[in-house]
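Numbering (our numbering), first residue to last: 532 to 1131.
Rendered as structure tokens:
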């Protein structure tokens, strides 16, 4: 009888793999958030009804703005100031000139109702965003869809559903894609986890989940179609896995995992305030990569030594106009002040014409990732670039600010950029505006040509930051987002290790600091290699810092050099990774297994 019941339980258990974006384990019940689809009646309208249809559209805009404002007010009343910024993105979209004017023009020219026009606008914008290489920006298409969905609901006179209370314990909210408004309205006493069909590491849901310490798994694809409200569910945000209707044996297994996870997290957080030093006293600065100012509180919580990479792209997105110099200043000042006494490294915008369709006009490029983007676009649009640089330089009066230039591929590009910076320094001096005249200037080493001429570039800058994500992609000609060739994206490839070694050697030969700001910086498997290379800085997601710091503090730099000598003799990425895994488990079985369990 027991055997039959166990067999039945096993047949009901389903597992779905996704992307873990906020760690932790939840054993609870499903709460399905039925946000609905973009359902509407598409119809033609007579010419005489154009004014009425446009008025319908504006009424929906007004109601949507009121809803967002009401939600934001409730969020602020609950003291969630760090999360309220999410709603500002939707507020900006509801004021967006392209969205409003394009919808009105379609109503007038095609004689269609507002719902149909909004669907066409959504398709156009989505196509632009689909071609974007930068993950953070590409995922903003979800915000646009959610705003248009709200507008269509209001056109139909439907009440927008706002999630505030969930009547259950240990609830996992299951949805296609939680909107920012829904995400930050969650009653944290009731909601224990998120599971969504869509989303990515830098989606708003992921960012908010991490900042609120709510376990989350996204990109599950079919979670909404595979669950019913009230079903038992296990969510593992560390492994990126959900288990629906688990067996009792599976529940017991995950109860033990949950206890162990909490223990490991408590132990790791003990390392947050400790120095990032090896057993023989070598200091390797561990800094944070941040996307938004609202992530700054994570620096002190996880022991970051300032900001190693602040991505400024969000300032330019989902708005009707370009950010002003004052807007730049206020954001960068906040970054600088809250990073003290450490560095705040601000990267100039890494955008392309495809990413700024509203401001610059969509540029039709077959391969935007290798087209007019980053420093190339900055030099082509000098006024936009100068506005940002002036904001950064003014902010340097309030903290220790460094400028980081992306996508540099030649010495000529660097020298032209430095001339622009020198001109702005002269302007600020004439205006008697305070700034740091000696603020360091660095370059991202992410293009193979920059790595090869690292000796030449090092003579012109104050520091290097190796962007391994793009360096690996460009060097191995493998797009990691393309499933067909993603297996070729190999961080342990001997060519990559040799390129990094060359850059470090050339930088140190010229007396400048060299750091890494790609995803491998957060991988403890690479920590001994980076020690052996003599890197000065690793910059990563703040949540990863205690894990890396724990491994770092159990090594000596000399041991790192020994491992580096070994791995440089191997011919394949598989050999390198296999050796590193075996060596780490052999030397530090308890510490390593606990620290990198998720990666192993």
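Just so you know, even glycine gets a beta-carbon here, dropped at the ideal spot from N, CA and C. Predicted, not measured: the structure shown is a model, and the values here were computed from it.
Rounded separation between residue i and residue j - CA only
{"i": "residue 821", "j": "residue 652", "result": "31 angstroms"}
{"i": "residue 740", "j": "residue 943", "result": "43 angstroms"}
{"i": "residue 837", "j": "residue 980", "result": "29 angstroms"}
{"i": "residue 702", "j": "residue 559", "result": "5 angstroms"}
{"i": "residue 812", "j": "residue 1078", "result": "19 angstroms"}
{"i": "residue 1106", "j": "residue 853", "result": "49 angstroms"}
{"i": "residue 962", "j": "residue 956", "result": "10 angstroms"}
{"i": "residue 582", "j": "residue 620", "result": "29 angstroms"}
{"i": "residue 585", "j": "residue 556", "result": "48 angstroms"}
{"i": "residue 685", "j": "residue 737", "result": "27 angstroms"}
{"i": "residue 589", "j": "residue 1020", "result": "48 angstroms"}
{"i": "residue 681", "j": "residue 675", "result": "10 angstroms"}
{"i": "residue 905", "j": "residue 939", "result": "8 angstroms"}
{"i": "residue 857", "j": "residue 687", "result": "40 angstroms"}
{"i": "residue 1135", "j": "residue 644", "result": "This structure does not reach residue 1135, given that the chain is present from 532 up to 1131, and the question cannot be answered."}
{"i": "residue 1118", "j": "residue 1112", "result": "10 angstroms"}
{"i": "residue 830", "j": "residue 1071", "result": "11 angstroms"}
{"i": "residue 1058", "j": "residue 1093", "result": "13 angstroms"}
{"i": "residue 1110", "j": "residue 1120", "result": "14 angstroms"}
{"i": "residue 726", "j": "residue 547", "result": "10 angstroms"}
{"i": "residue 907", "j": "residue 876", "result": "20 angstroms"}
{"i": "residue 1023", "j": "residue 633", "result": "47 angstroms"}
{"i": "residue 1134", "j": "residue 654", "result": "Lying before the first or after the last residue shown, residue 1134 is absent from the chain, which here runs from 532 to 1131."}
{"i": "residue 746", "j": "residue 608", "result": "24 angstroms"}
{"i": "residue 878", "j": "residue 843", "result": "7 angstroms"}
Where residue i sits in the DSSP three-state scheme
{"i": "residue 1109", "result": "helix"}
{"i": "residue 822", "result": "coil"}
{"i": "residue 1046", "result": "strand"}
{"i": "residue 841", "result": "strand"}
{"i": "residue 772", "result": "strand"}
{"i": "residue 592", "result": "helix"}
{"i": "residue 676", "result": "helix"}
{"i": "residue 767", "result": "strand"}
{"i": "residue 975", "result": "strand"}
{"i": "residue 874", "result": "strand"}
{"i": "residue 886", "result": "Reliability fails at residue 886, whose pLDDT of 48 lies under 50, so the model's placement of it is uncertain and the value that follows must be treated cautiously. Helix, per DSSP."}
{"i": "residue 652", "result": "helix"}
{"i": "residue 747", "result": "strand"}
{"i": "residue 947", "result": "helix"}
{"i": "residue 809", "result": "coil"}
{"i": "residue 559", "result": "strand"}
{"i": "residue 997", "result": "strand"}
{"i": "residue 941", "result": "coil"}
{"i": "residue 724", "result": "strand"}
{"i": "residue 1102", "result": "coil"}
Presumed contact (8 angstroms Cβ cut-off) between residue i and residue j, rounded CB distance
{"i": "residue 554", "j": "residue 768", "result": "5 angstroms"}
{"i": "residue 845", "j": "residue 926", "result": "That pair is no contact at about 16 angstroms."}
{"i": "residue 1030", "j": "residue 996", "result": "Between residue 996 and residue 1030 the Cβ distance is about 14 angstroms, and since that is not below 8 angstroms, they are no contact."}
{"i": "residue 988", "j": "residue 933", "result": "Between residue 933 and residue 988 the Cβ distance is about 16 angstroms, and since that is not below 8 angstroms, they are no contact."}
{"i": "residue 868", "j": "residue 930", "result": "5 angstroms"}
{"i": "residue 965", "j": "residue 928", "result": "4 angstroms"}
{"i": "residue 748", "j": "residue 549", "result": "5 angstroms"}
{"i": "residue 802", "j": "residue 1081", "result": "5 angstroms"}
{"i": "residue 983", "j": "residue 936", "result": "Not confirmed; about 17 angstroms, so no contact."}
{"i": "residue 679", "j": "residue 649", "result": "5 angstroms"}
{"i": "residue 658", "j": "residue 683", "result": "With a Cβ gap of about 19 angstroms, residue 658 and residue 683 do not count as contacting."}
{"i": "residue 623", "j": "residue 599", "result": "Contact doesn't hold; Cβ gap of about 10 angstroms is too wide."}
{"i": "residue 859", "j": "residue 923", "result": "7 angstroms"}
{"i": "residue 815", "j": "residue 1066", "result": "6 angstroms"}
{"i": "residue 785", "j": "residue 765", "result": "5 angstroms"}
{"i": "residue 819", "j": "residue 835", "result": "4 angstroms"}
Neighbourhood of residue i by C-beta distance below 6 angstroms, restricted to the same chain and skipping five residues each side
{"i": "residue 986", "result": "1037"}
{"i": "residue 1027", "result": "1003"}
{"i": "residue 828", "result": "none"}
{"i": "residue 787", "result": "none"}
Cβ of residue i within 7 angstroms of any chain D Cβ
{"i": "residue 564", "result": "Here there is only one protein chain, and chain D is not present."}
Sequence-distant residues of the same chain with beta carbon closer than 7 angstroms to residue i, five excluded per side
{"i": "residue 1064", "result": "1031, 1032, 1035, 1095"}
{"i": "residue 761", "result": "560, 561"}
{"i": "residue 543", "result": "776"}
{"i": "residue 1000", "result": "1049, 1050"}
{"i": "residue 771", "result": "548, 549, 550, 551, 748"}
{"i": "residue 706", "result": "564, 566, 727, 755"}
Cβ shell of residue i (< 8 angstroms), same chain only, five flanking positions each side left out
{"i": "residue 792", "result": "554, 555, 556, 769"}
{"i": "residue 946", "result": "991"}
{"i": "residue 809", "result": "815, 1062, 1083, 1084, 1086, 1087, 1088, 1091"}
Contact test: residue i Cβ vs the ligand ATP heavy atom, cutoff 6 angstroms
{"i": "residue 547", "result": "Although the ligand ATP was asked about, the structure shown includes no ligands whatsoever."}
(message) I want to know whether the segment 1071-1087 touches the segment 1045-1053 - three or more CB-CB distances under 8 angstroms.
(response) yes
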